[in-house]
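A.B. asks:
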């Protein structure tokens with residue numbers, strides 16, 4: 352593995368090259384969120400007030416709602432990093448509104464994402480968002496059975512699971528972190544978890560199950576899938592690292608410019624891990640400097656190709672730089688260690704894993 356450097360090491364070398372305004376909050380980003388919020392409210396009201404909702408109209412509105420929910424989530428991520436508003440109470444309030452559709456509270460998000468994932472990115476046992484290792488898998492009998500299925504079947508299931516992954520993972524993170532909050536803070540964390548769910552159930556009572564499917568359930572599935580299409584490729588093709596080196600453990604994906612606009616530049620993920628407190632508005636400039644200074648270290652890939660690579664790669668680490676398909680014992684390289692970022696000519700190393708104590712029995 353190349354010599355690893357901390358995110359602070361890179362940031363210190365790039366920061367002097369950036370304009371001073373790049374380090375200031377950008378409140379104007381809220382206008383995009385307001386548009387999404389108003390469209391979402393209007394869409395739910397249209398579904399609720401129509402006497403006869405045609406299924407195709409319901410699906411069309413659901414797609415719009417799901418897109419709005421995902422966009423609000425991307426903005427919520429930005430807000431809770433303090434890059435839009437710095438005043439703590441207002442930051443948390445706006446972050447709560449933005450993350451409301453995805454049912455994640457601001458206190459939990461900052462604990463899980465800001466202070467744990469960002470500090471321990473791709474560190475085995477410390478990053479709550481990292482794939483499991485073969486050793487972890489050996490302690491989970493149910494998952495062992497799942498990983499005995501053919502990989503193509505697991506890929507179908509895992510991609511379908513993206514439509515619920517963010518919301519479910521948020522519940523797992525609540526269970527993991529709630530005890531780490533001070534007793535005096537726990538009631539507010541519980542309230543932030545329960546209020547969105549109470550609203551969704553309230554809408555079920557008002558709309559009825561059919562309209563609720565189009566106004567809430569289908570949009571949430573779509574929003575989860577959009578958000579997770581990024582999150583699943585942010586780090587999960589990269590190696591695990593003992594040093595939090597974003598150029599080694601993070602991946603930037605490329606999308607058409609108009610998608611970057613509606614998704615608030617969420618595709619620039621390596622840049623985000625170098626400067627989490629900087630507005631994504633300036634990440635194209637950060638990317639320019641990274642590619643000038645460390646082109647051989649930087650990982651980027653078209654979004655769709657990253658998803659193809661994810662489809663073809665097992666989701667278990669054999670060691671820090673290799674993935675393993677447990678049942679047949681085939682090894683697959685990670686980014687920077689043999690995985691070809693063009694995907695089309697990607698060559699994968701397939702070697703039988705010796706049946707050691709780490710193997711699945």
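Residue numbers (this note's numbering): 352 to 712. Backbone N, C-alpha and C define an ideal beta-carbon position, used for all residues, glycine too.
1) Taking just the CA atoms, how far does residue 505 sit from residue 681?
2) Return helix, strand or coil for residue 568, following the three-state DSSP convention.
3) Quick one: which unbroken beta strand (DSSP E) runs of 3-plus residues sit fully inside the segment 541-585? Chain order, please.
4) Can you find the residues in the same chain that come closer than 8 Å, C-beta to C-beta, to residue 701, ignoring five residues on each side of it along the sequence?
5) Under a three-way DSSP split, which group does residue 634 fall into?
6) With 16 other CB atoms within 10 Å as the buried threshold, where does residue 693 fall?
7) Assign residue 675 to one of three DSSP states: helix, strand, or coil.
8) Should residue 402 go down as buried or exposed, given a rule of 16 or more other Cβ atoms within 10 Å for buried?
9) Express the C-alpha separation of residue 461 and residue 532 in angstroms, rounding to a whole number.
10) Take the Cβ of residue 685 as the centre, count every other Cβ of all protein chains shown within 10 Å, and call the residue buried at 16 or more, exposed below.
11) Less than 7 Å between the C-beta atoms of residue 459 and residue 525, yes or no?
12) Within 10 angstroms of the Cβ of residue 523, are there 16 or more other Cβ atoms? Answer buried if so, exposed if not.
13) Please list the terminal residues of the continuous beta strand (DSSP E) segment that includes residue 604.
14) With a cut-off of 8 Å, do at least 3 Cβ pairs link the segment 598-606 to the segment 397-414?
15) When the Cα of residue 428 is compared with those of 374, 641, 593, 614, which residue comes out closest?
16) In terms of DSSP beta bridges, what is residue 690 paired with?
17) Can you find the residues in the same chain that come closer than 7 Å, C-beta to C-beta, to residue 563, ignoring five residues on each side of it along the sequence?
18) So, at 7 Å on beta carbons, what are the nonlocal neighbours of residue 642 in its own chain, with the 5 sequence-adjacent residues on each side left out?
19) Quick check on this structure: which residue in 595, 669, 601 has the alpha carbon closest to the alpha carbon of residue 584?
20) Residue 596: which of 388, 639, 628, 645 sits nearest, CA to CA?
21) For residue 449 versus residue 426, is the C-beta distance shorter than 7 Å?
22) What alpha helix (DSSP H) runs, 4 residues minimum, are completely inside the segment 497-547?
23) Check the DSSP bridge columns for residue 325 and list the partner residues they point to.
24) Starting from residue 622, trace the beta strand (DSSP E) in both directions and tell me its first and last residue.
C.D. replies: Here's the rundown:
1) The sequence position of residue 681 within the chain shown is 330, counting from 1. The sequence position of residue 505 within the chain shown is 154, counting from 1. Between the alpha carbons of residue 681 and residue 505 lies a gap of roughly 15 Å.
2) For the purposes of this step, residue 568 is taken as the residue at position 217 of the chain shown. Three-state DSSP puts residue 568 in a helix.
3) Taking only runs of at least 3 residues, no beta strand (DSSP E) segment lies wholly in the segment 541-585.
4) Taking the chain shown and counting its residues from 1, one reaches residue 701 at position 350. Annotation note: pLDDT 44 at residue 701 (below 50); position unreliable, coordinate value reported separately. For residue 701, where only same-chain residues beyond five positions count, the Cβ hits under 8 Å are 681, 682, 683.
5) Counting from 1 along the chain shown, the entry for residue 634 is found at position 283. Per DSSP, reduced to three states, the secondary structure at residue 634 is helical.
6) Within the chain shown, residue 693 is the residue found at index 342, counting from 1. Per-residue confidence for residue 693 stands at a pLDDT of 49, beneath the threshold of 50, marking its modelled position as unreliable; no derived number is given.
7) By 1-based counting over the chain shown, the position of residue 675 is 324. If DSSP states are grouped into helix, strand and coil, residue 675 belongs with the strands.
8) Here residue 402 refers to the residue found at position 51 of the chain shown. Classification of residue 402: exposed, given that the 10 Å Cβ count is below 16.
9) Within the chain shown, residue 532 is the residue found at index 181, counting from 1. Within the chain shown, residue 461 is the residue found at index 110, counting from 1. In a straight line, the C-alpha of residue 532 is about 12 Å away from that of residue 461.
10) By one-based count along the chain shown, residue 685 stands at place 334. Label assigned to residue 685: buried.
11) Position 108 of the chain shown holds residue 459. Position 174 of the chain shown holds residue 525. Yes, the Cβ-Cβ distance between residue 459 and residue 525 is below 7 Å.
12) Taking the chain shown and counting its residues from 1, the one referred to as residue 523 is at position 172. Burial call: exposed.
13) Stepping through the chain shown from its first residue, residue 604 is reached at position 253. Segment 603-605, the beta strand (DSSP E) holding residue 604.
14) Contact fails: fewer than three Cβ-Cβ distances are below 8 Å.
15) The count along the chain shown starts at 1 and reaches residue 428 at position 77. Of the candidates 374, 641, 593, 614, 614 places its Cα closest to the Cα of residue 428.
16) Taking the first residue of the chain shown as position 1, residue 690 is located at position 339. Looking at the DSSP output, residue 690 sits in a beta bridge with 686.
17) On the chain shown, position 212 is the one that residue 563 refers to. Excluding residues within five positions, the ones whose Cβ falls inside 7 Å are 554, 555.
18) Taking the chain shown and counting its residues from 1, one reaches residue 642 at position 291. Correct list, in chain order: 649.
19) Your numbering for residue 584 matches position 233 in the chain shown. Per the C-alpha coordinates, the member of 595, 669, 601 positioned closest to residue 584 is 601.
20) Counted from its first residue, the chain shown places residue 596 at position 245. That would be 645, whose Cα lies nearest to the Cα of residue 596.
21) For the purposes of this step, residue 449 is identified with residue 98 of the chain shown, where counting begins at 1. For the purposes of this step, residue 426 is identified with residue 75 of the chain shown, where counting begins at 1. Yes, the Cβ-Cβ distance between residue 449 and residue 426 is below 7 Å.
22) As far as the segment 497-547 is concerned, its whole alpha helix (DSSP H) runs of at least 4 residues are 502-528.
23) Residue 325 lies beyond the residue range present for the chain, which begins at 352 and ends at 712; the question has no answer from this structure.
24) Residue numbering aside, residue 622 sits at position 271 when the chain shown is read from its first letter. Premise fails: residue 622 lies in the alpha helix (DSSP H), 620-625, not in any beta strand (DSSP E).
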